[in-house]
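Have a look at the structure below before the remarks.
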Amino acid sequence: MTLIADNPEAPHLKRWTKQEYQSLREKGFVHGQQTFLYRGELVDKTAEGELVPKLWTKSEYIEKVEKGFLSKQRVILFRGELIEMPSMSALHINGVKKLGYWLHAEFRPEFEVRMQLPFEAFDQTLPEPDGGIFTREQDRRTPLPNSAMLLVEVSESSLELDREMALDYAASQVQEYWIVNVRDRQVEIYRNSIADLKSVTGFRYSSHRIATESEVISSLANPAVELAISDLLKIG
Numbered sequence: 162m163t164l165i166a167d168n169p170e171a172p173h174l175k176r177w178t179k180q181e182y183q184s185l186r187e188k189g190f191v192h193g194q195q196t197f198l199y200r201g202e203l204v205d206k207t208a209e210g211e212l213v214p215k216l217w218t219k220s221e222y223i224e225k226v227e228k229g230f231l232s233k234q235r236v237i238l239f240r241g242e243l244i245e246m247p248s249m250s251a252l253h254i255n256g257v258k259k260l261g262y263w264l265h266a267e268f269r270p271e272f273e274v275r276m277q278l279p280f281e282a283f284d285q286t287l288p289e290p291d292g293g294i295f296t297r298e299q300d301r302r303t304p305l306p307n308s309a310m311l312l313v314e315v316s317e318s319s320l321e322l323d324r325e326m327a328l329d330y331a332a333s334q335v336q337e338y339w340i341v342n343v344r345d346r347q348v349e350i351y352r353n354s355i356a357d358l359k360s361v362t363g364f365r366y367s368s369h370r371i372a373t374e375s376e377v378i379s380s381l382a383n384p385a386v387e388l389a390i391s392d393l394l395k396i397g
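Numbered per our numbering, the sequence shown spans residues 162 to 397.
Spelled out as structure tokens, the structure:
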């Protein structure tokens with residue numbers, strides 16, 4: 162897996178059942194001579210005989226979803242790997258709810274707001290950010306938006322993955338990216354995408370700061386609209 166987490170509740174490579182694997186073979190998504198089910202994971206064998214996680218393209222991922230695979234599962238495509246996301250806790254649900262209230266109240270109708278919908282990020286990555294602000298042109302792009310004014314992830318057990326995703330969003334020229342860390346009660350703000358040959362995606366955000374619960378923040382999309390972090394994290 163691209164990211165290895167010791168926490169069993171953190172995002173992890175999708176685990177496949179024998180029935181799911183057989184169904185994939187019957188539909189032609191995998192071929193037994195190349196892709197194997199090994200201890201619950203789909204693996205390919207390299208020329209040297211090494212077993213490595215099977216990598217998927219965006220088109221393969223979208224086709225599986227449209228044909229009913231991965232339904233009712235919280236799975237995203239991250240750098241070619243299918244990642245199972247943890248179930249949302251009460252803290253996560255509350256944060257997404259408060260985020261949605263704020264985005265819809267303050268940014269429509271000037272901008273389009275999308276909540277937990279697929280986004281076409283850099284290379285073979287298709288996340289579903291918890292919230293985002295888009296121009297109408299960005300929102301109407303087919304099949305999916307591939308740039309945004311602001312993307313936001315409400316994060317708890319997925320914090321490591323969400324931080325790594327900043328590199329993919331920077332490569333996608335997302336103007337601004339927030340991580341709402343509900344456990345530490347703070348917001349990580351990433352801005353100003355720049356090229357960086359040392360980055361796995363070739364880009365990174367040059368500006369990164371942590372805003373604490375006592376602060377008021379605003380988005381580059383409309384600096385006049387302010388958000389008290391304490392309100393975003395308020396329970397109920």
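The beta-carbon is built from N, C-alpha and C at its ideal position, and this holds for glycine as well.
| Check | Outcome |
| --- | --- |
| Quick check: the Cα distance between residue 176 and residue 214, rounded to an integer number of angstroms? | 11 Å |
| So the candidates are 208, 366, 264 and 222; which of them puts its Cα closest to the Cα of residue 191? | 222 |
| In whole angstroms, what separates the C-alpha of residue 120 from that of residue 173? | The structure shown does not extend to residue 120, since the chain is modelled only from 162 to 397, so the question has no answer here. |
| If distances are taken between C-alpha atoms only, which option among 318, 356, 316 and 259 comes closest to residue 333? | 356 |
| Secondary structure at residue 221, three-state DSSP: helix, strand or coil? | helix |
| Which whole-angstrom value describes the C-beta separation of residue 350 and residue 372, a residue pair presumed to lie in contact below a C-beta threshold of 8 Å? | 6 Å |
| Can you name, in chain order, every residue of its own chain whose Cβ lies under 6 Å from the Cβ of residue 342, other than the five neighbours on each side? | 316 |
| Our contact map puts residue 237 next to residue 187 with C-beta atoms below 8 Å; I'd like the distance itself, whole angstroms only. | The pair is not a contact, with the Cβ atoms about 25 Å apart (cut-off 8 Å). |
| Under 8 Å by Cβ, that's how I've got residue 196 and residue 240 pegged, so tell me the actual separation to the nearest angstrom. | Their Cβ separation, rounded to whole angstroms, is 18 Å, which puts residue 196 and residue 240 out of contact at 8 Å. |
| So, are the CB atoms of residue 281 and residue 305 less than 7 Å apart? | yes |
| Using only CA atoms, which one of 203, 171 and 297 lies nearest to residue 178? | 203 |
| Could you check what DSSP says for residue 297 in three-state terms: helix, strand or coil? | helix |
| By alpha-carbon positions, which one of 200, 180 and 327 ends up nearest to residue 362? | 327 |
| So residue 206 is in the beta strand (DSSP E); what residue range does that whole segment cover? | 202-206 |
| Taking 7 Å as the threshold (C-beta atoms), are residue 300 and residue 257 in contact? | no |
| Measure the C-alpha to C-alpha separation of residue 218 and residue 242 and round it to an integer number of angstroms. | 9 Å |
| Taking only runs that begin and end inside the segment 331-372, name each unbroken beta strand (DSSP E) of 3 or more residues, in chain order. | 337-342 and 347-356 |
| For residue 171, is the classification buried or exposed, using 16 other Cβ atoms within 10 angstroms of its Cβ as the cut-off for buried? | buried |
| So within the segment 237-303, which uninterrupted beta strand (DSSP E) runs reach at least 3 residues, ignoring any that extend past its ends? | 242-245, 273-275 and 292-295 |
| Would you call the segment 307-326 in contact with the segment 244-259, where contact means no fewer than 3 C-beta pairs closer than 8 Å? | yes |
| Please classify residue 293: is it buried, with 16 or more other beta-carbons within 10 angstroms of its beta-carbon, or exposed? | buried |
| Which residue's Cα is closest to the Cα of residue 260: 226, 384, 354 and 339? | 339 |
| Hey, residue 390 and residue 335 are a contact pair by Cβ (cut 8 Å); roughly how many whole angstroms apart? | That belief does not hold up - the Cβ atoms of residue 390 and residue 335 are roughly 21 Å apart, past 8 Å. |
| Determine the burial state of residue 200: buried for a count of at least 16 other Cβ atoms within 10 Å of its Cβ, exposed for fewer. | exposed |
| Looking at residue 387: is its Cβ nearer than 7 Å to the Cβ of residue 380? | no |
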